[in-house]
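Residue numbers (our numbering): 155 to 375.
By construction, the Cβ of each residue, glycine as well, lies at the ideal position given by its N, Cα and C atoms.
Inspection log for the structure reproduced underneath, given as structure tokens.
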């Protein structure tokens, strides 16, 4: 597994420009505003559908310059590119049920920060999350989820522990904030970038009914 990770990192580094060449020209705060503006368009049904034409594809074939990283849930109703009205090359997206952390998701995020220069990480939770519900139900009954679903339960458990008397949406938001804090304060490489003001990490929550994204920890470092 370690050898595979090293080989993958070497391959990706060879395929993409060095950080100095690929770094977006926006700050974390500016990147956050771009996402906010895109979500406003999405909610209002006034979409731009940027960077989805032949010219954009040809330019992106030379290298990617995503201005934000989004760690989101795998739920089919929560595509970050659509929710934020962005196009090819705009977002570096990692999706896993419950928007939880593991070695692979952390490694993917670190790669985008180090080799692509992305200045913003958004941990995007959402309304009526099945992984959050599974975690709450399993923990409430002292049970064990089947197969590898239990690994999701364990990852979401810290948020459940602090919100067990609240509703599921409070847990989902707490989980996003917990993941954002872990990335910002517990992962040495990302912690250093955040402390230097080169990386912004925020939690967010998507409302399935309205399409609106609520940012939970704006400007946190």
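**Message:** Can you look up residue 343 in the DSSP assignment and give me helix, strand or coil?
**Reply:** By 1-based counting over the chain shown, the position of residue 343 is 189. In the structure shown, residue 343 sits in a helix (DSSP, three-state: H, G or I).
**Item:** Environment of residue 200 [buried if 16+ CB atoms lie within 10 Å]
**Value:** For this step, residue 200 is matched to residue 46 along the chain shown. So residue 200 ends up on the exposed side.
**Prompt:** Looking at the unbroken alpha helix (DSSP H) that takes in residue 214, where does it start and where does it end?
**Reply:** Here the question's residue 214 lines up with position 60 in the chain shown. Element bounds for residue 214: 208-214.
**Asked** Looking only at C-alpha atoms, which of 356, 223 and 298 sits nearest to residue 288?
**Response** Reading the chain shown from its first residue, position 134 is the one you call residue 288. It is 298.
**Asked** Hey, how far is the Cα of residue 183 from the Cα of residue 241?
**Response** One-based indexing of the chain shown puts residue 183 at position 29. One-based indexing of the chain shown puts residue 241 at position 87. Cα to Cα, residue 183 sits roughly 19 angstroms from residue 241.
**Prompt:** Looking at the structure shown, is residue 280 part of a helix, part of a strand, or coil, going by DSSP?
**Reply:** On the chain shown, residue 280 is found 126 positions in, with the first residue counted as 1. Of the three classes helix, strand and coil, the one that applies to residue 280 here is strand, per DSSP.
**Prompt:** DSSP three-state call for residue 365: helix, strand or coil?
**Reply:** Residue mapping note: residue 365 aligns to position 211 of the chain shown, counting from 1. In this structure, residue 365 counts as coil in the three-state DSSP scheme.
**Message:** Check this for me: beta carbons of residue 292 and residue 277, under 8 angstroms apart or not?
**Reply:** Counted from its first residue, the chain shown places residue 292 at position 138. Counted from its first residue, the chain shown places residue 277 at position 123. Not in contact: residue 292 and residue 277 (Cβ atoms no closer than 8 angstroms).
**residue 342 burial status per 10 Å Cβ neighbour count (16 or more: buried)** = For the purposes of this step, residue 342 is taken as the residue at position 188 of the chain shown. Exposed, by the Cβ-count rule.
**Prompt:** How would you label residue 158, buried or exposed, when you count the other beta carbons within 10 angstroms and need 16 or more for buried?
**Reply:** As a position in the chain shown, residue 158 is number 4, starting the count at 1. The pLDDT assigned to residue 158 is 39, lower than 50, so where the model puts this residue is not dependable; a value taken from the coordinates is nonetheless given after this. Exposed.
**Prompt:** Pairing CB atoms from the region 353-368 with CB atoms from the region 180-194, are three or more of them under 8 angstroms?
**Reply:** yes
**Request:** State the Cα-Cα distance for the pair residue 317 and residue 230, rounded to the nearest angstrom.
**Result:** To locate residue 317, count along the chain shown from 1; it is residue 163. To locate residue 230, count along the chain shown from 1; it is residue 76. Rounded to the nearest angstrom, the two C-alpha atoms are 25 angstroms apart.
**Prompt:** Straight-line CA distance for residue 172 to residue 290?
**Reply:** Residue numbering aside, residue 172 sits at position 18 when the chain shown is read from its first letter. Residue numbering aside, residue 290 sits at position 136 when the chain shown is read from its first letter. Its pLDDT being 47, under 50, residue 172 is placed unreliably in this model, and the value from its coordinates should be taken loosely. Each residue's alpha carbon lies about 43 angstroms from the other.
**Request:** Would you mind reading off the limits of the alpha helix (DSSP H) that contains residue 217?
**Result:** Numbered from its first residue, the chain shown carries residue 217 at position 63. Premise fails: residue 217 is in no alpha helix (DSSP H) and is neither H nor E.
**Message:** In whole angstroms, give me the CA-to-CA distance for residue 250 and residue 268.
**Reply:** In the chain shown, counting from the first residue as 1, residue 250 sits at position 96. In the chain shown, counting from the first residue as 1, residue 268 sits at position 114. Cα-Cα distance, rounded: 21 angstroms.
**Whole-angstrom distance between residue 238 and residue 198, CA atom to CA atom** = As a first step, residue 198 must be located in the chain shown, where it is residue number 44. As a first step, residue 238 must be located in the chain shown, where it is residue number 84. Residue 198 and residue 238: Cα-Cα distance of roughly 12 angstroms.
**Message:** Let me check one thing: in DSSP terms, what residues is residue 222 bridge-paired to?
**Reply:** As a first step, residue 222 must be located in the chain shown, where it is residue number 68. Its beta-bridge partners are 245.
**Item:** residue 357, enclosing beta strand (DSSP E) - first and last residue
**Value:** For the purposes of this step, residue 357 is taken as residue 203 along the chain shown, with counting starting at 1. Start and end: 354-360.
**Message:** Can you tell me where the alpha helix (DSSP H) holding residue 262 begins and where it ends?
**Reply:** Sequence index remark: in the chain shown, residue 262 carries index 108 (1-based). Segment 257-270, the alpha helix (DSSP H) holding residue 262.
**Item:** Residue burial classification, residue 313 (beta-carbon count within 10 angstroms, cutoff 16)
**Value:** Translated into the one-based positions of the chain shown, residue 313 becomes position 159. Buried: at least 16 other Cβ atoms inside 10 Å.
**Message:** Check this for me: beta carbons of residue 323 and residue 281, under 8 angstroms apart or not?
**Reply:** Looking up residue 323 in the chain shown gives position 169. Looking up residue 281 in the chain shown gives position 127. Cβ atoms of residue 323 and residue 281: closer than 8 angstroms.
**For residue 358 and residue 339, the rounded distance between their alpha carbons** = Along the chain shown, read from residue 1 onward, the residue named residue 339 stands at position 185. Along the chain shown, read from residue 1 onward, the residue named residue 358 stands at position 204. Going by the C-alpha atoms only, they are around 17 angstroms apart.
**Request:** Per DSSP, which residues does residue 293 bridge with? Please list them.
**Result:** Counting from 1 along the chain shown, the entry for residue 293 is found at position 139. Bridge partners of residue 293: none, in fact.
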